[in-house]
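Numbering (our numbering), first residue to last: 629 to 987.
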């Protein structure tokens with residue numbers, strides 16, 4: 629972090645100002661590598677290590693699964709950056725960034741402005757918004773040590789952005805910023821993993837300035853259109869039966885893995901990321917057997933398959949939502965909806981206090 633971050637950061641407990649003490653700096657550019665941040669109001673102290681301010685408290689809701697994912701499976705390789713490569717198969721199946729960009733109109737709201745990425749992981753979306761939309765500054769927050777991997781990747785691959793991004797280790801439920809600090813707040817594929825999705829949305833909305841934008845994507849509940857058969861629609865009952873069975877298989881594994889340590893679950897998942905299992909799932913007829921036993925993904929990189937399967941099967945919290953469940957929360961937060969993603973379930977909105985007033 630640099631000295632400019634002090635104006636943005638605040639105590640996550642009382643939102644008081646923070647004072648910097650006992651710092652160690654990079655002799656080349658003055659980056660603060662090690663320090664203490666002390667609240668001038670409540671006296672609580674937080675560390676800065678490896679250039680990253682850390683605000684982990686006892687009630688942060690820390691999930692060891694995610695830390696294992698980044699430190700033991702990814703191991704600093706930045707496998708999720710494949711999502712951004714248009715020549716990579718991962719782009720077609722996991723391109724959350726573009727699918728929730730609303731033809732780029734949403735992300736354009738970041739240009740020249742302050743941006744907050746909640747649940748940044750290893751930072752692929754923070755880098756993408758810097759590369760394509762040139763915001764004034766990006767703050768990337770994650771609860772795990774994924775921020776350390778992000779820092780490593782940024783220094784090795786994108787050093788030109790070093791002073792345009794602040795990485796912070798913190799919980800969405802105790803963000804170390806004052807309300808309304810950002811013009812564009814986004815979170816893709818994260819808030820549904822908190823165990824308190826609607827509270828997480830409220831916390832994200834609280835960070836958006838008046839007139840600022842909120843853009844997030846969470847898992848959607850399945851649509852069940854079985855009452856009417858209209859020409860042009862798919863065969864809903866057949867799709868429903870298939871979806872219910874497919875989900876039953878997946879959730880059976882998920883329930884099993886949730887009762888294991890991340891390391892034990894990873895040992896079981898690893899063979900299903902093998903080249904043999906991928907080949908097996910490409911054989912006509914046999915691939916349906918593979919889907920019954922252990923649904924997987926098709927990607928040429930074995931390590932990316934492993935990371936993706938671990939991500940999908942080992943979440944402690946994995947909630948799905950519908951539009952009508954989320955809308956009351958957005959209304960409560962004064963978020964006027966500008967777009968609903970065709971790739972469910974994503975919302976883009978602008979913060980307009982009083983927009984839903986009935987007087």
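Every residue, glycine too, gets a C-beta built ideally from N, C-alpha and C. Computed from a predicted structure; not experimentally measured.
Rounded to the nearest angstrom, what separates residue i and residue j at their Cα positions?
i            : j           : result
residue 954  : residue 826 : 7 Å
residue 878  : residue 746 : 27 Å
residue 706  : residue 894 : 18 Å
residue 714  : residue 932 : 16 Å
residue 784  : residue 797 : 20 Å
residue 943  : residue 817 : 12 Å
residue 911  : residue 680 : 48 Å
residue 637  : residue 917 : 52 Å
residue 1021 : residue 754 : Since the first residue shown for the chain is 629 and the last is 987, residue 1021 is missing from the structure and cannot be characterised.
residue 629  : residue 760 : 23 Å
residue 849  : residue 730 : 21 Å
residue 653  : residue 660 : 4 Å
residue 741  : residue 732 : 15 Å
residue 855  : residue 922 : Reliability of the predicted coordinates at residue 855 is poor, the pLDDT of 49 falling under 50, and the value obtained from them is presented with this limitation in mind. Taking the straight line joining both Cα atoms gives about 31 Å.
residue 803  : residue 704 : 25 Å
residue 939  : residue 986 : 43 Å
residue 952  : residue 919 : 31 Å
residue 647  : residue 962 : 33 Å
residue 967  : residue 695 : 33 Å
residue 641  : residue 801 : 10 Å
residue 889  : residue 982 : 47 Å
residue 810  : residue 882 : 36 Å
So the alpha helix (DSSP H) residue i belongs to, where does it begin and stop?
i           : result
residue 684 : Element bounds for residue 684: n/a, residue is neither H nor E.
residue 782 : 774-785
residue 650 : From DSSP, residue 650 is part of no alpha helix (DSSP H) but of the beta strand (DSSP E) over 646-653.
residue 726 : 724-727
residue 753 : 752-761
residue 820 : It is not in any alpha helix (DSSP H) - residue 820 carries neither H nor E in the DSSP assignment.
residue 734 : 733-736
residue 907 : 903-908
residue 699 : Neither: residue 699 is in no alpha helix (DSSP H) and is coded neither H nor E.
In this structure, how does DSSP classify residue i when only helix, strand and coil are distinguished?
i           : result
residue 843 : strand
residue 795 : strand
residue 945 : coil
residue 838 : strand
residue 746 : strand
residue 833 : helix
residue 825 : helix
residue 662 : strand
residue 956 : helix
residue 885 : helix
residue 855 : The predicted position of residue 855 is uncertain, since its pLDDT is 49 and thus under 50; no value can be drawn from it.
residue 636 : coil
residue 893 : helix
residue 802 : helix
residue 629 : coil
Per DSSP, residue i is paired with what?
i           : result
residue 964 : 978
residue 721 : None; residue 721 has no bridge partner.
residue 921 : Answer is none; residue 921 lacks a bridge partner.
residue 667 : 646
What residue range does the beta strand (DSSP E) around residue i cover?
i           : result
residue 767 : 765-770
residue 811 : 810-816
residue 677 : 673-677
Kindly indicate if chain C contains any beta-carbon less than 9 Å away from that of residue i.
i           : result
residue 728 : The displayed structure is made up of one protein chain only, and chain C is not part of it.
Once you ignore the five residues that flank residue i on each side, which residues in its own chain have a CB closer than 7 Å to its CB?
i           : result
residue 677 : 662
residue 958 : 965, 975 and 977
residue 739 : 761, 762 and 763
residue 718 : 710, 711, 927 and 932
For residue i, which residues from the same chain have a beta carbon less than 6 Å from its beta carbon, with the 5 sequence-adjacent residues on both sides left out?
i           : result
residue 839 : none
residue 673 : 664 and 666
residue 847 : 820 and 948
residue 725 : 753 and 756
residue 780 : 704
residue 990 : The structure shown does not extend to residue 990, since the chain is modelled only from 629 to 987, so the question has no answer here.
Leaving out five residues on either side along the sequence, give the residues of the same chain with a beta carbon under 8 Å from the beta carbon of residue i.
i           : result
residue 758 : 766, 786, 789, 792 and 793
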